[in-house]
Amino acid sequence: MGTKHRKIEIGQTYGRLTVREYLGLIPYNGTNRNRHMYRCECSCGNFIDLPGTYIGKAWKSCGCLQKESREKPIPAGTRFGRLTVIEPHDLIPGRGYRYKCQCDCGNIIISRGDMLRRGEVQSCGCLHDELFRENSKIAYKNSFVDGTNVPRIASTQTVQRNNTSGVTGVTWHKGTGKWRASISFKGKSYSLGYYTEIPLAAKARKTAEDELFGDFLKWYAEEYPENWKRIQKRQQKKHP
2 MGTKHRKIEI GQTYGRLTVR EYLGLIPYNG TNRNRHMYRC ECSCGNFIDL PGTYIGKAWK
62 SCGCLQKESR EKPIPAGTRF GRLTVIEPHD LIPGRGYRYK CQCDCGNIII SRGDMLRRGE
122 VQSCGCLHDE LFRENSKIAY KNSFVDGTNV PRIASTQTVQ RNNTSGVTGV TWHKGTGKWR
182 ASISFKGKSY SLGYYTEIPL AAKARKTAED ELFGDFLKWY AEEYPENWKR IQKRQQKKHP
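With our numbering applied, the sequence shown corresponds to residues 2 to 241, in that order.
1. Just to confirm, is the Cβ distance from Ser183 to Gly170 under 8 Å?
2. Short check: CB of Leu117 to CB of Ile87, under 8 Å?
3. Going by the CB atoms, is the gap between Met38 and Gly25 shorter than 8 Å?
4. Could you give the distance in angstroms between the alpha-carbon of Thr208 and the alpha-carbon of Gly215?
5. So, for Ile9: in the same chain, excluding its five sequence neighbours on each side, which residues have a beta-carbon less than 8 Å away from its beta-carbon?
6. Among the residues of its own chain, which have a CB less than 6 Å from the CB of Thr79, if the five just before and after it don't count?
7. DSSP state of Lys179, grouped into three classes?
8. Classify Thr79 as helix, strand or coil using the three-state DSSP reduction.
9. If you draw a straight line from the alpha carbon of Trp229 to that of Arg235, how long is it in whole angstroms?
10. In three-state DSSP terms, what is Val151?
11. If you drop the 5 nearest sequence neighbours on each side, which residues of the same chain put their C-beta closer than 6 Å to that of Val168?
12. What's the C-alpha gap between Glu121 and Asn30?
13. Comparing C-alpha positions only, which one of Ile93, Asn108, Gly107, Phe133 sits nearest to Gly114?
14. Taking only three categories from DSSP, how would you classify Gln13?
15. From this set, Arg119, Phe217, Asp91, which residue's C-alpha is nearest Lys187's C-alpha?
16. Which whole-angstrom value describes the C-beta separation of Gly82 and Gln123, a residue pair presumed to lie in contact below a C-beta threshold of 8 Å?
17. For a minimum of 4 consecutive residues, which ranges assigned as the alpha helix (DSSP H) are wholly contained in the stretch 32 to 82?
18. Hey, out of Leu66, Ala59, Asn33, Thr32, whose CA is closest to Asn47's CA?
19. Give the straight-line distance between the Cα atoms of Ala205 and Tyr195, rounded to the nearest whole angstrom.
20. So for Cys104, helix, strand or coil by DSSP?
21. If I measure Cβ to Cβ from Ile110 and keep anything under 7 Å in the same chain, skipping five residues before and after, which residues do I get?
22. With DSSP collapsed to three states, give me the class of Thr208.
23. How many angstroms separate the CA atom of Trp173 from the CA atom of Glu210?
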């Protein structure tokens, strides 16, 4: 199957590449997909065969430009996010320099230059920790209302690992030798009785859920529609 042909002029220079020859519509890089291929000469003297759509865009040299960029030292004092480059640490063949950097918080780290340039590393890790804490606070604030964990009561399918009944809110009570039904809502716990059989305790729990959770969840969905959508989406991932 062919691809849309980008017009490439023979003899035209794109970056360090000069187009020398059109090779035809042929497979590229071991795939079955045909591409309009061209042979290019790099200013360093190397030749490389490339699809026309790559020339001057994804590829501007035979690879020497990327190599030079990796091996060109980053000047001391250059900043990347919260990091300031102190000095080159070592040179890894094929990967370029690693640098000793100081974070604004005072920590010293070693990072690869290509990761600094791409913005993949912007701190010693403190930025990630701060964002995580901030996001956790937001998630907690959005999830708890009047002492109630909204995501938890929105899904009764999540059962504690140590629960032997298989039903949320129904546990074995050793003292009475029966199944105890209970429910928590707005920071308070309520006992719903003791039952000889799990289905009876489960029914009591379900009745309490409908009475306590139903109107509350309806109110929450209307009051916090965006939060409710996120909660529903998470529940769908857990219980598809």
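Just so you know, even glycine gets a beta-carbon here, dropped at the ideal spot from N, CA and C. Quantities reported herein were computed from a predicted structural model and do not represent experimental measurements.
Quick answer:
1. Yes. Within cutoff.
2. Ile87 is positioned such that its CB atom lies no closer than 8 Å to that of Leu117.
3. The answer is yes: Cβ separation under 8 Å.
4. Spanning the two alpha carbons is a distance of roughly 10 Å.
5. Once the five neighbours on either side are set aside, the close Cβ partners of Ile9 are Val20, Tyr23, His37, Tyr39, Gly53, Ile56.
6. Shown here for Thr79: same chain residues with a beta carbon closer than 6 Å to its own, the five before and five after excluded, namely Val86 in chain order.
7. Strand, per DSSP.
8. It is coil, neither helix nor strand.
9. Spanning the two alpha carbons is a distance of roughly 10 Å.
10. When secondary structure is reduced to three states using DSSP, Val151 falls in the helix class.
11. The beta carbon of Val168 sits closer than 6 Å to the beta carbons of Ala203 from its chain, once the five residues preceding and following it are set aside; these are given in chain order.
12. Rounded to whole angstroms, the gap between the alpha carbons of Glu121 and Asn30 is 28 Å.
13. When each option's Cα is compared against that of Gly114, the closest is Ile93.
14. Look at Gln13 here: in three-state DSSP terms it is coil, with no helix or strand label.
15. Among Arg119, Phe217, Asp91, the Cα nearest to that of Lys187 is on Phe217.
16. Rounded, the Cβ-Cβ distance is 3 Å, consistent with contact.
17. Counting only runs of 4 or more, we get 65 to 72.
18. For Asn47, the closest of Leu66, Ala59, Asn33, Thr32 by C-alpha to C-alpha distance is Leu66.
19. Per the coordinates, the alpha-carbon of Ala205 lies some 10 Å from the alpha-carbon of Tyr195.
20. Strand at Cys104.
21. Closer than 7 Å at the Cβ level, and outside the excluded window around Ile110, lie Cys102, Cys104, Cys125.
22. Helix at Thr208.
23. Going by C-alpha positions, Trp173 is about 19 Å away from Glu210.
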